[in-house]
Each structure stands twice: as C-alpha cells, then as structure tokens.
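Under the UniProt record's numbering, the letters of the sequence shown match residues 1 to 297, in that order. Every residue gets a Cβ at the ideal spot worked out from N, C-alpha and C, and that includes glycine.
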Amino acid sequence: MKASTRLRQLLASDQIIVAPGVYDGISARLALEAGFDTMYMSGASTTASMLGQPDLAIATQNDFVQNATMIAGLSPETPLICDADTGFGGPVMVARTVTAYARAGVAALHIEDQVQSKRCGHLLGKQIAPLPEFIARIRAAAAARAKIPGCDIVLIARTDAAQGPGMDEALKRLKLAVEAGADVAFLEGVRSREDLARTVKELAPTPVLLNAVHGGATPDFTVEDAKSVGVKIVIFPLISSVAAVHSIRAGLASLKATGSDVPTANGMGPKDFFKVMGLDEAIKLDQEAGGDTFTEV
Numbered sequence: 001m002k003a004s005t006r007l008r009q010l011l012a013s014d015q016i017i018v019a020p021g022v023y024d025g026i027s028a029r030l031a032l033e034a035g036f037d038t039m040y041m042s043g044a045s046t047t048a049s050m051l052g053q054p055d056l057a058i059a060t061q062n063d064f065v066q067n068a069t070m071i072a073g074l075s076p077e078t079p080l081i082c083d084a085d086t087g088f089g090g091p092v093m094v095a096r097t098v099t100a101y102a103r104a105g106v107a108a109l110h111i112e113d114q115v116q117s118k119r120c121g122h123l124l125g126k127q128i129a130p131l132p133e134f135i136a137r138i139r140a141a142a143a144a145r146a147k148i149p150g151c152d153i154v155l156i157a158r159t160d161a162a163q164g165p166g167m168d169e170a171l172k173r174l175k176l177a178v179e180a181g182a183d184v185a186f187l188e189g190v191r192s193r194e195d196l197a198r199t200v201k202e203l204a205p206t207p208v209l210l211n212a213v214h215g216g217a218t219p220d221f222t223v224e225d226a227k228s229v230g231v232k233i234v235i236f237p238l239i240s241s242v243a244a245v246h247s248i249r250a251g252l253a254s255l256k257a258t259g260s261d262v263p264t265a266n267g268m269g270p271k272d273f274f275k276v277m278g279l280d281e282a283i284k285l286d287q288e289a290g291g292d293t294f295t296e297v
C-alpha cells in the first residue's frame with residue numbers, strides 16, 4: 001500500500017494521527033524505532049540540518065525534495081508529511097513541487113499563504129500573500145496531483161493569517177482552499193484552545209492539523225488536548241532537532257571537559273549504532289540474495 005493511501009485510511013479512522021518531526025536519517029530511524037506510524041519532515045529542521053541556517057526561506061525546493069526522498073525511502077509504507085513552504089514559487093513551481101514529492105513517495109505536503117520571502121510561522125513580522133495568490137497555489141497543487149496516474153497524495157492548506165489579519169480571514173482562506181482541492185486544513189500559530197476549537201467546528205468535516213511547538217506562538221498542547229477538541233493530525237516539528245541540540249551540546253561539553261567520549265556513549269559502540277540504522281535488515285537482505293559479505297560484522 002502506498003504511504004499516501006495509508007494516510008488517507010488513517011484520516012478516515014477514529015484515531016488521532018501523531019507525527020513527530022524528523023529531519024535526517026538518524027531522527028527518522030529513531031522515530032520508526034519508537035513505534036510512530038507517521039512522520040513529519042519539518043522545513044525548519046531541514047534547513048537547519050542541511051544548511052545550518054534559520055527558517056527564513058533559505059532552503060530551496062531541491063533541498064526539501066532531496067531530504068524528503070531520503071526519509072521516505074527508509075520506510076516506504078510509513079506516511080511522511082512534508083513541509084513545502086509556499087510551493088517555492090508561482091503555480092508552475094507549486095505543481096513541480098507536488099510532482100517531485102509524489103515521485104519521492106511523500107504521503108502529504110502542506111502549502112502556506114505567506115509571501116515567498118517567508119519565515120518560520122512562530123516568528124514575528126510575517127507577511128501574508130494576497131488571497132487569490134494563495135488559492136492559485138492550492139489549485140495548482142490539486143491540478144498537478146490530478147495529472148499523475150493513481151496519485152492520492154494528501155494536500156494540506158496552511159494559513160498564517162490568524163496572527164495578522166485575524167481568525168475570520170484565516171478561516172475564510174482555509175475554507176476557500178478546501179474548495180480549491182485541499183484535503184486538510186492547517187491553522188498556523190493557534191493562540192488559544194478556543195481558536196482551535198472554532199477552526200475544527202467551522203472546517204468540519206475537513207480534518208484539521210495542529211502544529212505543536214513549545215515556546216512558539218501556540219500554547220503547549222498534548223496529544224490528548226488536541227484530540228479533545230477534534231484535531232485529526234498533530235505534528236511536533238522540533239521534537240527531534242531540539243533534542244539533538246541539547247544532547248549534542250552536552251556530549252561536546254563533556255568531551256571538552258573530560259577528554260573522552262565514554263561518559264556520553266552510554267555503552268553504545270559502532271555495531272549497536274549501526275543496528276539502529278538498519279544493520280540487521282541489511283545483513284538479512286544480503287543473505288536472502290545469496291551473499292555472505294556480512295557474515296562477520
């Protein structure tokens with residue numbers, strides 16, 4: 001089953017979809033090891049990990065597609081939801097983005113209504129694109145999907161208007177985006193439980209996605225909090241990257257202080273590390289093919 005088809009089944013079920021943010025092979029492997037059945041490729045974390053830069057529209061379409069292709073390929077049956085920023089240009093570029101993500105095996109992508117020189121949805125100073133421009137992006141995405149035989153990639157419309165023009169404008173945009181072909185509504189920068197509940201109610205039966213980011217514009221929500229107001233998908237985009245910052249910082253500080261990596265290794269040697277990365281599966285595949293390259297590792 002395609003990952004996109006699996007995601008559509010999850011959307012039609014009674015369960016809430018929880019997608020931890022991943023940004024590279026290690027974080028994706030660990031999310032799978034933890035038992036998550038859906039993952040989210042964060043644009044902010046992709047920009048940080050690939051380029052060492054902040055989320056200020058610095059990463060390109062190629063950067064995003066390259067990262068998505070690698071992550072989706074680790075577990076093709078696991079739905080991967082991807083950030084697609086503004087679609088990286090006008091309608092033609094939006095269509096190319098959808099096509100590239102679909103070919104990569106991505107299950108869903110979200111396109112937002114900021115101007116092209118966008119920034120993280122939880123930073124101040126965001127500028128919102130005119131409504132016709134946003135709807136054109138969604139129409140282009142839907143048209144691109146329709147041209148790919150058998151494609152059922154999930155289109156998610158994101159608006160950042162709640163923090164600027166306000167909730168009325170944000171909900172208007174999401175409703176028109178759904179009419180234009182979006183499958184899921186994403187209100188970025190939710191400021192209260194009441195605003196979230198209103199979004200779920202007014203967009204019904206369209207599923208609503210919540211972006212849970214600690215320290216951002218949105219109050220902290222647990223999965224149960226989100227479920228209680230009817231949210232269908234909750235993403236935690238920085239769960240892996242922030243944890244990595246803390247852990248790597250601590251490891252490097254320990255090395256600087258002690259001159260050894262032993263205190264932070266926690267007993268994990270190379271073979272144990274490679275097992276997390278799929279060593280056993282690679283050995284099994286080699287053996288099933290009649291090889292004996294990795295009889296001793």
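Query: C-alpha gap between L229 and D160, whole angstroms; Result: Residue identity differs from the one stated: residue 229 is Val in this sequence, not Leu. About 20 Å.
Query: Contact under 7 Å by Cβ, L51 with A59; Result: yes
Query: Best match in A140, I233, A136 for proximity to A95 [C-alpha to C-alpha]; Result: A140
Query: Terminal residues of the alpha helix (DSSP H) in which N67 lies; Result: 61 to 74
Query: Sequence ranges, alpha helix (DSSP H) only - wholly within the stretch 133 to 220, length at least 4; Result: 167 to 179, 193 to 203
Query: Contacting residues, own chain, Cβ-Cβ under 6 Å from F236 (five flanking each side not counted); Result: P20, G21, A212
Query: Classification of D168 by the beta-carbon crowding that lies within 10 angstroms, buried from 16 upward; Result: exposed
Query: Euclidean distance between Cα positions of A12 and S260; Result: 51 Å
Query: Length of the line joining the Cα atoms of L109 and A257; Result: 44 Å
Query: Validate contact between the stretch 26 to 35 and the stretch 247 to 254 using beta carbons, cut 8 Å, 3 pairs; Result: no
Query: Distance CB(P76)-CB(L7) smaller than 7 Å; Result: no
Query: Buried versus exposed, by CB contacts within 10 Å (16 or more), V92; Result: exposed
Query: Cβ-based neighbour list, R191, same chain, cut-off 8 Å, excluding 5 preceding and 5 following; Result: A162, Q163, A217, T218, P219
Query: Contact under 7 Å by Cβ, I81 with Y40; Result: yes
Query: Euclidean distance between Cα positions of K147 and A265; Result: 50 Å
Query: Close beta carbons around L196, own chain, < 6 Å, minus the five adjacent residues each side; Result: V190, V229
Query: Inter-residue CB distance, V98 and R145 (contact presumed, cutoff 8 Å); Result: 6 Å
Query: Straight-line gap, K126 to E188 (C-alpha atoms, nearest Å); Result: 12 Å
Query: Whether T5 touches D113 by CB criterion (7 Å); Result: no
Query: Boundaries (first-last residue) of the alpha helix (DSSP H) holding I128; Result: No alpha helix (DSSP H) holds I128; DSSP gives it neither H nor E.
Query: Whether G89 touches R137 by CB criterion (7 Å); Result: no
Query: Buried versus exposed, by CB contacts within 10 Å (16 or more), V276; Result: exposed
Query: For R29, the nearest candidate out of I17, Q66, L74, D272 (CA to CA); Result: L74
Query: Alpha carbon of E202 to alpha carbon of E179, nearest angstrom; Result: 14 Å
Query: Cβ-Cβ distance between V223 and V234 below 7 Å; Result: yes
Query: Identity of the residues DSSP links to Y40 by a beta bridge; Result: G21, I81
Query: Option nearest K2 by Cα separation, candidates I17, G25, N67, G105; Result: G105
Query: Beta carbon of F294 nearer than 7 Å to that of I283; Result: yes
Query: Spatially closest choice to L131 from L155, V154, I156, K175, by CA coordinates; Result: K175
Query: Beta-carbon proximity of I17 to K227, cut-off 7 Å; Result: no
Query: A253 burial status per 10 Å Cβ neighbour count (16 or more: buried); Result: exposed
Query: Status (buried if at least 16 other CB within 10 Å, exposed otherwise) for K271; Result: exposed
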